[in-house]
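S.K.:
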Amino acid sequence: TWNTLGSDPRAVSGRSIGTSVALRRAGVEESREAEASRGWRRRQVVHDQKGHSLLIVDDDDAFRWSLRDLLEPRGYRTILASTGPEAITLVERHPIDCVLMDVQMPELSGLETLEIVRQVRAVLPCILLTANGTPGVLAQARDLRAYTVLIKPVRGDIVASTVRAAIETAARSEEHTSE
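Everything in the sequence shown is counted per my numbering, starting at 530 for the first residue and increasing by one.
(1) Exposed or buried, what is T691 when buried is set at 16 or more other beta-carbons lying within 10 Å of its beta-carbon?
(2) State the Cα-Cα distance for the pair M634 and R701, rounded to the nearest angstrom.
(3) Any idea what DSSP makes of R684, helix, strand or coil?
(4) Could you work out which residue in S611, L657 and I608 is closest to P682 when comparing CA atoms only?
(5) Quick check on DSSP: helix, strand or coil for V575?
(6) Run through DSSP, which three-state label would A651 get?
(7) Does the beta-carbon of A670 have 16 or more other beta-carbons within 10 angstroms, so that it is buried, or is it exposed?
(8) From D598, W594, A651 and R597, pick the residue whose C-alpha is nearest to that of V620; which is it?
(9) Please report the distance separating the alpha-carbon of P654 from that of E636.
(10) For L637, which of helix, strand or coil comes out of DSSP?
(11) Verify whether the separation of the beta carbon atoms of L673 and E644 is less than 8 angstroms.
(12) With H, G and I counted as helix, E and B as strand and the rest as coil, what does DSSP make of A563?
(13) For E615, collect the residues of the same chain with a Cβ closer than 8 angstroms to its Cβ; drop the 5 residues on either side in sequence, then sort them by chain order.
(14) Identify, in the order they occur along the chain, each residue of the same chain with its Cβ nearer than 7 angstroms to the Cβ of I696, setting aside the five sequence neighbours on each side.
(15) Can you find the residues in the same chain that come closer than 7 angstroms, C-beta to C-beta, to T607, ignoring five residues on each side of it along the sequence?
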């Protein structure tokens, strides 16, 4: 499945930017309404996602930590990496269920890292994050079988729902393969 979400939060949510608050630090945004609407469901989501490991790869410490702070309360175990080579080592050594990775990084870009990760784990869902969603980047991501590309800044609820969908899609794919 190939999904690309736009960079304008209003296009996704139908809300004005004025009502979008909270996790603005380092480009992650989440609306108060989305946070409040999750209130009673939070326990269920934590239960549903228990045991899933996410590798978060970004050279920007604040953005990496923001993603961790967004996803850990939802029950995900997070593993953090700041470079492509570090991410490759972690994928080789740890059971990872999904990767969230920045495209623009020093040493190896997210696209170069994904190409190597595909050699290690061919079906690992990978969600790329970029502020530069050019057609070339999107085409490369599609060729490398990235689950999706999210354009920064991106709302936190969009990140969380995309991670959940990527893991569910991978699980369904594994079920069909084992039948």
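Heads up, the beta-carbon is just placed ideally off N, CA and C, and yes, glycines get one too.
M.R.: Result, derived from the coordinates:
(1) Taking the sequence shown and counting its residues from 1, the one referred to as residue 691 is at position 162. The residue in question, T691, is buried, as its Cβ has 16 or more Cβ neighbours within 10 Å.
(2) Stepping through the sequence shown from its first residue, residue 634 is reached at position 105. Stepping through the sequence shown from its first residue, residue 701 is reached at position 172. Those two C-alpha atoms are separated by around 31 angstroms.
(3) Residue numbering aside, residue 684 sits at position 155 when the sequence shown is read from its first letter. Correct three-state label for R684: strand.
(4) Working through the sequence shown from its first residue, we reach residue 682 at position 153. That would be L657, whose Cα lies nearest to the Cα of P682.
(5) Taking the first residue of the sequence shown as position 1, residue 575 is located at position 46. In this predicted model, V575 has a pLDDT of only 40, less than 50, meaning its place in the structure is not dependable; the value taken from the coordinates is given anyway. In the structure shown, V575 sits in a helix (DSSP, three-state: H, G or I).
(6) Reading the sequence shown from its first residue, position 122 is the one you call residue 651. Reduced to three states, the DSSP call for A651 is coil.
(7) Translated into positions along the sequence shown, residue 670 becomes position 141. It counts as buried.
(8) Residue 620 sits at position 91 when you count from the first residue of the sequence shown. Per the Cα distances, A651.
(9) For the purposes of this step, residue 654 is identified with residue 125 of the sequence shown, where counting begins at 1. For the purposes of this step, residue 636 is identified with residue 107 of the sequence shown, where counting begins at 1. Using only the alpha carbons, I get a separation of about 22 angstroms.
(10) As a working note, residue 637 is residue 108 in the sequence shown. Three-state result, L637: coil.
(11) Counted from its first residue, the sequence shown places residue 673 at position 144. Counted from its first residue, the sequence shown places residue 644 at position 115. In this structure, E644 lies closer than 8 angstroms to L673 by Cβ.
(12) Locating residue 563 in the sequence shown gives position 34, where the first residue counts as 1. Below a pLDDT of 50, predicted positions are generally treated as unreliable, and A563, at 42, falls in that range; the measurement from the model is reported next regardless. In this structure, A563 counts as helix in the three-state DSSP scheme.
(13) The sequence position of residue 615 within the sequence shown is 86, counting from 1. Excluding sequence neighbours, E615 sits near V586.
(14) The residue given as residue 696 occupies position 167 in the sequence shown. Answer for I696: H581, D626, C627 and P654, listed in chain order.
(15) By 1-based counting over the sequence shown, the position of residue 607 is 78. L583, I585, R597, L600 and E601, listed in sequence order.
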